[in-house]
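Using our numbering, you'd call the opening residue of the first sequence number 18 and step up by one each time. Ideal Cβ placement from N, Cα and C applies to all residues, glycine included. A quick note: this is a predicted structure, and the numbers were derived from the prediction, not measured. All remarks here apply to the structure that follows.
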Amino acid sequence: MPSILWFRRDLRRHDNPALVAALDAARDDGDGTVVPLFVLDPRLCNAAGDTRRAWLSRSLHALDATLGGALVVRHGDPTLLVPEVAAAAGAASVHVAADFGPYGATRDRAVENVLAASGRRLERTGSPYAVAPGRVVKGDGTAYRVYTPFYRAWVEHGWRPPAADPDAWPDWRMDPSGPLACDGIPDAPDVDLPPVGEAAALERWDAFRIDGLAAYGELRDRADLAGTSSLSAHLRWGEIHPRTLLAELDGSPSHTVFRKEIAWREFYADVLHRAPESAHTWLDPRFAAMEHDDGPGADDRFEAWRLGRTGFPFVDAGMRQLLAEGWMHNRVRMVTASFLVKDLHLPWQRGARWFMTALRDGDLASNQQGWQWVAGSGTDAAPYFRIFNPVTQGLRFDPDGDYVRRYVPELRGLGGRSAHEPWTQGQLAPDYPDRLVDHAEERDESLARYTAIKNP
DNA sequence: TTTTGAGTTGTTCGA
DNA sequence: GTCGAACAACTCAAA
């Protein structure tokens, strides 16, 4: 009897425990046939912008190719379609990697119930994380709310080595398939992306491990250099598993810094799993009382931010990188987010929604918790008066102005670090917008608003 | 239960 | 230009 392997955010063959489980189940039933399935759920398609949908489509093509063209793609509601495919294949079990997101976990319970009505099982094996959310707990059984203690406990908990490949791949069931892209967009959208798919992810990891990892601790914050791993979108789609990365890290300082970045991804997944409502509301409920600027002009300021026209070069470069590439350097994500929340006094949810749409690596847990961290309502234990200065940050992390000039053509006439302060350079950048706000004034305004909710 | 120590990523001011 | 202190007194985990 065949089994179903339902792919979601685990678009790979190697180090895939659910695949091994699906194959074992099929063999136990005297068969070696596995039906690989992906459901293009409109709910997920509609939340993603062009670059993320393009990434998904290319990743599905790559996966389909490694499965000999056998990937079954259905368009619509998984609650209906997964049981339908299972029934049509005569499968007793559907195998997945567990989804711990608010939507995915609810959807999976619904699918599980419908399957059970016809005597079929949903089997969860593994997850997109080295340690499943909910596993790392304090002595009293509750969740960690501070990163460093979580990190220590997470390392202490440990993780499995990568899953070995099966001795033989399953006989993938060949089946007619729908288009490998969300409805309403071309099957091969015209978006400029780096190579996508499992093979590309493994190549990227190899290149980074050999050429970039040793200097990671030193260079990861530099916006003008390629000092980061660029693995975020591969991880988001499960083209590579964090176990695969962790297995090759040692105790050296740079490796430890990289391990800690992986741990942030796991921490934020844990926080969201324990507090699903924090995808939309303040993790610290006091922040619901925060005063925001939502009167006339707020929409114009939001658009200036979104389109990279705030008059602050480091902020504008980041926002234009996001528009052009569907990706932004992590350091610049913090600075642009801080600017929206603390200089424009707009709610973090608004910026988070745009990031989720535009980012090709858009991950609900990392994105929303990262925004909450910046807004002060999240898991940051530091004092609230830590407010990023967009100019100082630019001078520190793009010291020669190269990053700013790469994404803001109006500033290309300004040499070196002066590109971060065009207002001191006379008329050398006539087409570049004036500063939207006075940072020093808005900083004071933010501090006052924070004080008001901390000491009501 | 109480106490203690530490907390991703900062900024500004004045010497 | 560089350095240390002040910011304001919080939250959390563990001893």
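Residue environment, residue i, which counts as buried when at least 16 other CB atoms sit within 10 Å
i           : result
residue 104 : exposed
residue 404 : buried
residue 362 : buried
residue 163 : exposed
residue 440 : exposed
residue 235 : exposed
residue 384 : buried
residue 21  : buried
residue 191 : exposed
residue 426 : exposed
residue 279 : buried
residue 359 : buried
Pairwise C-alpha distance: residue j and residue i
i           : j           : result
residue 219 : residue 315 : 44 Å
residue 382 : residue 443 : 44 Å
residue 176 : residue 147 : 6 Å
residue 60  : residue 44  : 34 Å
residue 186 : residue 269 : 37 Å
residue 32  : residue 143 : 10 Å
residue 42  : residue 350 : 44 Å
residue 135 : residue 98  : 14 Å
residue 86  : residue 93  : 21 Å
residue 64  : residue 368 : 14 Å
residue 357 : residue 140 : 43 Å
residue 77  : residue 88  : 8 Å
residue 373 : residue 297 : 12 Å
residue 215 : residue 251 : 8 Å
residue 389 : residue 18  : 47 Å
residue 207 : residue 71  : 8 Å
residue 123 : residue 464 : 39 Å
residue 258 : residue 246 : 14 Å
residue 80  : residue 319 : 38 Å
residue 201 : residue 69  : 14 Å
residue 417 : residue 370 : 32 Å
Limits of the beta strand (DSSP E) - the one that residue i falls within
i           : result
residue 171 : No beta strand (DSSP E) contains residue 171, which is instead part of the alpha helix (DSSP H) from 164 to 174.
residue 470 : Not the beta strand (DSSP E): residue 470 falls in the alpha helix (DSSP H), residues 456 to 471.
residue 102 : Taken as a continuous stretch (DSSP letters only), residue 102 belongs to no beta strand (DSSP E), being part of the alpha helix (DSSP H) at 95 to 106.
residue 139 : 138 to 141
residue 23  : 20 to 24
residue 50  : 50 to 57
residue 110 : 110 to 113
Nearest residue (CA-CA) to residue i, options the options
i           : options               : result
residue 26  : 420, 175, 113 and 139 : 113
residue 48  : 119, 167 and 110      : 110
residue 324 : 375, 275 and 226      : 375
residue 95  : 258, 23, 86 and 156   : 23
residue 380 : 116, 191 and 195      : 116
residue 446 : 429, 457 and 462      : 429
residue 468 : 418, 393 and 422      : 393
residue 327 : 410, 150, 295 and 454 : 454
residue 419 : 241, 101 and 195      : 241
residue 281 : 450, 170, 306 and 456 : 170
In DSSP terms, what residue i is bridged to
i           : result
residue 92  : 57
residue 189 : 51
Endpoints, alpha helix (DSSP H) assigned at residue i
i           : result
residue 277 : 270 to 291
residue 326 : Residue 326 -> no alpha helix (DSSP H), and no H or E assigned at all.
residue 308 : Run containing residue 308: none; DSSP gives neither H nor E here.
residue 347 : 347 to 355
residue 249 : 249 to 253
residue 36  : 34 to 45
residue 422 : 419 to 424
residue 483 : Not covered by the structure: residue 483. The range shown for the chain is 18 to 473.
residue 372 : 365 to 375
residue 122 : 119 to 134
residue 441 : Premise fails: residue 441 is in no alpha helix (DSSP H) and is neither H nor E.
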